[in-house]
Amino acid sequence: MKQTFRKDERLHRKSLITKLFEDGNSFNVQPLRVTTLRSDFQSVYPVQLLISVPRHLYKRAVDRNLLKRRIREGFRKNKEELYTTLAGNRIKLLMCIRYQSKEILPSRIIQDKINVILRRLLESYGKTSG
RNA sequence: ACAACAGUUCGAUCUAUCGCUGCGGUUACGGAUUUUCCGGAGACCGGAGAGGAAAGUCGGGACAACACAGAGCGCCAUACUUCCUAACGGGAAGGCUUUCGGGAUAUAAAGGCCCGGGGGAUAGAAAGUGCCACAGAAAAUUACCGUCCCGGUUUCACACCGGGAUAAGGGUGAAAACGCGAGGUAAGAGCUCACGGUUAUGGCAGGCAACUGCCAUGAAGGGUAAACCUUAUGGGUUGAAAGACCAUGUACACUGACUGUUAAGGGCUGCUCGCCCAAUGUCGGGGGGUAGGUCGAUAAAGCCUGCAGGUGACUGCCGGCUUAGAUAAAUGAUAGAAUAGAACAGAAUCCUGCUUACGGAACUGUUGUUUUU
RNA sequence: GGUAUCGUGGCCGAGUGGCUAGGCAGAGGUCUGCAAAACCUCGUACAGCGGUUCGACUCCGCUCGAUACCU
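Each residue of the first sequence is one higher than the last, beginning at 249 in my numbering.
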């Protein structure tokens with residue numbers, strides 16, 4: 249699988265975003281907070297992801313962009329296993345990753361944290377229908 | 001060569017791998033009026049892809065919607081002159097003023113002259129009103145001490161009491177009623193005069209003008225208009241989440257005509273005058289809310305080179321170029337060159353100016369030091 | 001994206017150009033066997049920079065920070 253991150257993989261429907269935060273389940277992998285929800289939506293990809301960095305933590309747009317880019321890279325490079333498993337089990341997943349720390353962490357650490365998140369998602373969604 | 005200051009310009013590049021957003025081309029594929037068109041979401045190729053401040057949203061516009069019978073008052077903004085500009089509270093050149101440094105002249109001082117740098121929201125305080133704490137007699141028609149004159153008490157003087165003249169001296173203050181000298185006087189005072197400063201009017205000369213120089217005739221008038229105010233000029237409101245369209249879709253928001261009332265109320269810029277509308281009912285038009293898409297939206301007061309004009313801001317002409325356009329929102333990540341994740345910082349309708357933030361690099365000018373000639 | 005308002009001690013909050021009120025909290029003292037209450041005393045501030053003015057929390061400009069509204 250290619251390590252792309254296209255528009256269809258991004259969560260951009262307002263109604264779906266509202267639904268995710270109303271009904272979704274969350275867990276923390278500091279400094280990240282993940283919210284997920286199983287849902288049906290029309291896309292070739294099994295996941296739609298929203299990346300968010302709160303404005304009150306970082307006043308400068310440059311800092312927010314940097315963190316969002318690092319999270320996105322971490323997800324893009326490591327998403328393959330989750331995608332194949334979910335596609336095999338016919339699960340569609342809405343997802344939000346929010347950054348919660350006040351210090352800007354380097355890419356390597358963020359990538360490790362995202363790997364932890366992906367493994368936890370594999371555990372919970374890989375087993376349910378497996 | 002180094003250092004300091006000022007100004008101008010620039011705002012780290014390349015390689016590899018994996019990615020993102022438009023655009024152009026080819027194509028798998030799909031459609032049709034079937035050997036040619038149209039579409040093309042997937043694939044491949046090509047090329048493009050944040051800033052000097054993109055920021056603050058401070059000034060001015062473009063653009064858009066709504067409003068617009070008119071009059072008065074009010075409110076807001078601006079304020080030396082000429083020019084530049086689409087416009088501006090921006091810019092250029094100049095005037096005036098203030099301050100700093102240097103020089104010359106002079107020696108009673110103040111001030112003036114020449115050169116250079118910095119600052120100035122820089123109309124009017126001689127239309128009116130207000131305010132100027134504390135201190136001081138007095139903060140704008142001033143008499144506390146002092147000085148002088150007259151009268152009284154007293155033999156005279158001193159002293160005391162009463163009446164007057166006086167802004168030269170004292171002290172206070174941020175500021176004290178033009179400075180200094182001479183005359184003058186009972187003592188004094190621009191009261192008078194010379195020199196000088198401020199200011200008003202008129203004339204002459206220079207300058208497009210602000211203004212400057214000279215001459216004449218006056219005047220004495222503290223400061224404050226980023227206090228009210230006066231004068232002149234300008235100002236309709238809102239702000240792309242403006243606004244236009246498409247699809248979806250169904251409540252009585254809106255609206256036209258007629259009827260009807262003249263009271264409340266509403267609209268027209270904040271107020272007043274003035275003008276307009278009107279409850280209810282009938283008939284007709286029309287499509288609320290929610291959630292999407294397309295346009296607005298990127299070729300423009302555009303950029304670059306050259307020539308010409310202008311002290312300059314800038315303008316004209318020839319030629320060349322096309323330079324982000326996203327929509328939960330694209331420029332990244334990793335490794336290396338390299339000692340190294342370099343500063344401030346991310347377009348959101350666009351343009352123009354101002355202000356603020358900023359590691360570093362280059363150039364120009366001034367000053368200083370050192371070396372060589 | 002746009003519009004408006006505000007910033008005064010640790011906290012709340014008044015302040016018409018002339019020494020920055022007051023309350024709560026804190027510290028010390030009086031009182032008490034010890035505390036509380038009461039009373040007395042004290043310290044700590046005008047967001048920053050510049051301008052106007054003799055003088056600025058106040059007037060003007062810029063910057064920084066916070067809040068509210070439109071949507």
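Beta carbons are placed, not taken as given, at the ideal position from N, Cα and C, and that holds for glycine.
Note that the structure is a prediction, hence the values are computed from the model and not measured.
{"query": "Straight-line Cα distance separating I365 from E371", "result": "10 Å"}
{"query": "Cβ-Cβ distance between K340 and S287 below 8 Å", "result": "yes"}
{"query": "Limits of the unbroken alpha helix (DSSP H) element including F323", "result": "A309 to N326"}
{"query": "Close Cβ partners of N326 (< 8 Å) along its chain, the five nearest in sequence each way excluded", "result": "Q359, I362, N363 and L366"}
{"query": "Identity of the residues DSSP links to F275 by a beta bridge", "result": "V282"}
{"query": "Sheet register partners of S300 (DSSP bridge)", "result": "R346"}
{"query": "From L298, P279 and R324, residue whose alpha carbon lies closest to that of P354", "result": "P279"}
{"query": "Pair within 8 Å by beta-carbon distance, L342 and L369", "result": "no"}
{"query": "Through-space distance from R324 to T252, alpha-carbon basis", "result": "6 Å"}
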